[in-house]
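> The structure is given below, and queries will be raised subsequently.
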Amino acid sequence: MKKILLATTAALLVAAGTAQARDQIKIVGSSTVYPFSSYVAEALGSTTKFKTPVVESTGSGGGMKLFCAGNGMDTPDITNASRRMKAKEFKTCQENGVKYITELVVGYDGIAIAQSKSAAPINLTRKELLLAVAAKVPNKNETGLIDNPYHYWDEINPKLPHRKITIYGPPTSSGTRDAFEDMILKHNTKHWKVYNDAGYKKFHEIRQDGVYVPSGENDNLIVQKLTKDTAALGIFGYSYLAENTDKIAAATIEGIAPAPETVQDGSYKLSRSLYFYIKQSHIGKVPGMLEYANLFMSEQMIGDDGECADIGLIPLPKSLRDHYRADLKALKRLKASDLKKKK
Amino acid sequence: MNKSPNILIGSAHPRHKKRERADTRFRWYGLTALGMALAFLVFFFVDIIGQALPAFHQTEVRVDVHYSEAVKSNYNAGIDHKLRRIVSRAWLRTLPALLEKQPELIGQTRTEWVPADSRVDQYIKQHEGHGLKEKYQKTVDAMAAQGNIRQVFNAAFFSSGDSKLPENAGILAAAVGSVFTLLLTMLVAVPIGIMTAIYLEEFAPDNHFTRMIEVNINNLAAIPSILYGLLGLAIFINFMGVPRSSALAGGLTLALMTLPIIIIATRAALRAVPESIREAAYGLGASSLQTVWHHVLPLAMPGILTGSIIGLAQAMGETAPLIIVGMMAYIPEPSSSILDATTVLPAQVYTWSTESLRGYAERTAAGILVLLTVLLSLNALAVALRNRSQQNW
């Protein structure tokens, strides 16, 4: 009996190696895009004859790695990202034969700096945030960099309250952390003389003396911690703020509170675009890929009053939505030169 | 025979009282520890059950459903505009398919009980942070006053897979995945584990090599389970080409993890069989194979089964290695083969716990409750097996 079982298992293993054809779309990538992507996947599965795509949340970088691994049917068809594909990743893709990729933007995500609802309102600038979280900060005369000495907000700017600095934020693996590093650290230090003099062009080190507390990918946990520790601030995705307005309130950044309108017009600075990338070589081999992409890009999903907006996506302006729909229709190919210029 | 009269015995000894007090204190320490452990357990159960119970009820609303030609292309047309956010979108989506099947419905308007949106559900259950906008709250209050809202048993929780709409999210796909994965784990780990243990215990010579293997097996039983995930990813997915996220990949990975536990339990059970049994068998001329197969193994079976069941129960509650092999994903359809992408119960619980919508919180607790029930039954089975066939030598 046991021998038969063992033999069956062995046979299955061999069979698994040869099973290549697939009738189910595989999607990987950013945990920020995941809620929207899986929402659209479910809609596709329940309203069409196609199987519901499998959506795995691997983080933007992890998704790119799997996506760019090759053209085989065991590689994903679509990868989501909460940032643009990096030129380096595009190169890996090209080297592994993933030549034609279509890039689409589905909307915006805002990063919210939030605190317990019972705490006094606070307004911060990006520079103040940098000085609160960076591992190295300029000394008094801006002649060199020192280890971050700040433990109270009023030490950074006397106008801020005498409040202990505690920041709960995402760990290094997370896309939100990527975005936070980009928008707070790299953005501010890129043109700051003292950092450039020290040889840091894109400084992105976060202090590790316990003031910044990496709190796992689970944003619900950060919300819970904020309700207990009213002096602390938390960093997370805008949708979590929208869902938890009974417990937490946003800090204003340079006087602007995060809201769909302030993200769209660019006045709220802590926001970013959400992308997904289609592997063109799989179109036609895996059924439903274009239907999925079209459904995702439809007004019904990402429009101003769309279903994704309901679950926290901040929609693109109409003109951009049309622009990306045209890209999808033409299956525009991503070029290395696209990734260099700023969008 | 001359007892010294000044030796005090029994309670008369001056240190006796002190020892007695120490004794009592010691007993109280033990009782306090037990009491705390019990208190934690009770708190945990009360908390989980309290959170989970609402998940077994689902709010329904009575609305007019317009079956028309337009519904086929736009399911939103099936319901009055102001009620669209009140009813479940998961239900609305099924309308076009329903009309395909029952075209005779077209042109009718029927008053039906349909599942409510999760926000309405949370509002009716009076949970904080239900997220229902005020204008809809008024609509819902009015409907409730007219008796158009009721709560029914949430059958969808058991009959549907994961969903991005909390009212439609259930554990079916994850349960099916868990069964597939666990079956595979069992088929691989139990025979290999038992055979290894028999060899090591009954046949292997006692030398440096076997002792080294022994130490390694004991170490393997204690290493963090996530390492098995990395091993599984390297061997099964990257090298052998097993499809990512499949029950096969997960089952084999968990089998690796369960193997040492089964080997150790089996060896302990084999060792408990008295040497006299083996000697008697050999004395009657039985071969090694006959001795093990006919005498030792049957006697050790209860212990082996208990160990295997506990090992499998642990595998069932495991998540960490499965993240690495890609089983932590949005997979709403129950898999039909071990090569299909699938997810498992603990992974499902984790996925829900990270969702921001409030409706998932109670489903997380309900998922934990289901998982606990299964695990407790498995452990009870192990205890029953042990008690039923316990041997006293």
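Chains as they are written, first to last, in my numbering: chain A, 322 to 664; chain B, 678 to 1070. Note that CB positions come from ideal geometry on N, CA and C, so glycine has one too. Predicted, not measured: the structure shown is a model, and the values here were computed from it.
1) With DSSP collapsed to three states, give me the class of Ser439 of chain A.
2) Should Pro1007 of chain B be flagged as near chain A, meaning a C-beta pair shorter than 8 Å?
3) Go ahead and pull the three-state DSSP assignment for Phe721 of chain B.
4) If you count every other CB in all the chains shown that lies within 10 Å of the CB of Ala942 of chain B, and 16 or more means buried, which is it?
5) Quick one: is Ser536 of chain A buried, meaning 16 or more other Cβ sit within 10 Å of its Cβ, or exposed?
6) Which stretch, first to last residue, makes up the alpha helix (DSSP H) that contains Leu908 of chain B?
7) Measure from the C-beta of Arg770 of chain B to each C-beta in chain C and report whether the shortest distance is under 8 Å.
8) For Trp768 of chain B, count neighbouring Cβ atoms within 10 angstroms of its own Cβ and tell me buried if that reaches 16, exposed if not.
9) Measuring straight from C-alpha to C-alpha, what distance separates Gln415 of chain A and Ile399 of chain A?
10) Please specify which runs of the alpha helix (DSSP H), each continuous and at least 4 residues long, are wholly inside the segment 329–397 of chain A, giving them in chain order.
11) With burial defined as no fewer than 16 other Cβ atoms inside 10 Å of the residue's Cβ, what is the status of Gln735 of chain B: buried or exposed?
12) Does DSSP put Ser592 of chain A in a helix, a strand or coil?
13) I'd like the span of the alpha helix (DSSP H) that includes Thr816 of chain B, first residue to last.
14) Is Asp430 of chain A near Gly558 of chain A, with beta carbons less than 8 Å apart?
15) In chain order, what residues of the same chain have a beta carbon less than 7 Å from the beta carbon of Thr339 of chain A, not counting five sequence neighbours either side?
16) With a cut-off of 8 Å, does the C-beta of Gly418 of chain A fall near any C-beta of chain B?
17) In its own chain, which residues sit with a C-beta less than 8 Å from the C-beta of Phe880 of chain B, not counting the 5 before and 5 after it?
18) Just checking: is the beta-carbon of Gly338 of chain A within a distance shorter than 8 Å of some beta-carbon in chain B?
19) Short of 7 Å in beta carbon distance, which residues of its chain neighbour Gln621 of chain A, apart from the five on each side in sequence? Order them along the chain.
20) At the level of alpha carbons, what is the spacing between Asp700 of chain B and Leu711 of chain B?
21) If the criterion is Cβ atoms closer than 8 Å, does the pair Ile869 of chain B and Leu936 of chain B meet it?
22) Do you know how far the Cα of Met385 of chain A is from the Cα of Val923 of chain B?
23) Would you kindly report the start and end of the unbroken beta strand (DSSP E) that includes Pro459 of chain A?
24) Just curious, the alpha helix (DSSP H) that Asp884 of chain B is in, first and last residue?
25) Contact between the segment 1045–1063 of chain B and the segment 983–994 of chain B is defined here as three or more beta-carbon pairs at a separation below 8 Å; is this criterion met?
26) Could you run through the segment 974–1007 of chain B and flag, in chain order, every residue whose CB is less than 8 Å away from some CB of chain A?
27) Taking C-beta pairs closer than 9 Å, name the residues in chain A that Thr930 of chain B reaches, listed in chain order.
28) For the beta strand (DSSP E) containing Asn417 of chain A, list its first residue and its last residue.
29) Does DSSP put Glu789 of chain B in a helix, in a strand, or in coil?
30) At what residue ranges does the segment 698–754 of chain B contain a whole run of the beta strand (DSSP E), taking only runs of 3 or more?
31) Using 10 angstroms around the beta-carbon of Ser1012 of chain B, count the other beta-carbons present and answer buried if the total reaches 16, otherwise exposed.
32) Kindly list, in the order they appear in chain B, the residues whose Cβ is closer than 9 Å to that of Ser592 of chain A.
33) Is there contact between the segment 738–749 of chain B and the segment 781–801 of chain B, where contact requires at least three CB pairs shorter than 8 Å?
34) With a cut-off of 8 Å, does the C-beta of Glu844 of chain B fall near any C-beta of chain A?
With the structure as the only source:
1) coil
2) Contrary to the premise, residue 1007 of chain B reads as Tyr rather than Pro in this sequence. Chain A contact via Cβ: present.
3) helix
4) buried
5) buried
6) 902–909
7) Annotation note: the requested chain C is absent from the structure, which comprises protein chains A and B.
8) buried
9) 16 Å
10) 355–368, 381–388
11) buried
12) strand
13) 811–822
14) yes
15) Confidence in Thr339 of chain A is poor, its pLDDT being 44 and thus under 50, which makes the residue's placement unreliable; the coordinate value appears in the next sentence. Closer than 7 Å at Cβ, skipping near neighbours: no residue.
16) no
17) Ser965
18) Its pLDDT being 44, under 50, Gly338 of chain A is placed unreliably in this model, and the value from its coordinates should be taken loosely. At least one chain B Cβ lies under 8 Å of Gly338 of chain A.
19) Gly627, Glu628
20) 17 Å
21) yes
22) As written in the sequence, residue 923 of chain B is Ser, which differs from the Val given in the question. Cα to Cα, the separation comes out at about 21 Å.
23) 457–459
24) In the sequence on display, residue 884 of chain B carries Asn and not Asp. Neither: Asn884 of chain B is in no alpha helix (DSSP H) and is coded neither H nor E.
25) yes
26) Gly1003, Met1005, Ala1006, Tyr1007
27) None at all; the shortest Cβ gap to chain A is about 13 Å.
28) From DSSP, Asn417 of chain A is part of no beta strand (DSSP E); its letter is neither H nor E.
29) strand
30) 734–743
31) buried
32) The contacting residues do not exist; Ser592 of chain A stays about 18 Å from chain B at best.
33) yes
34) no
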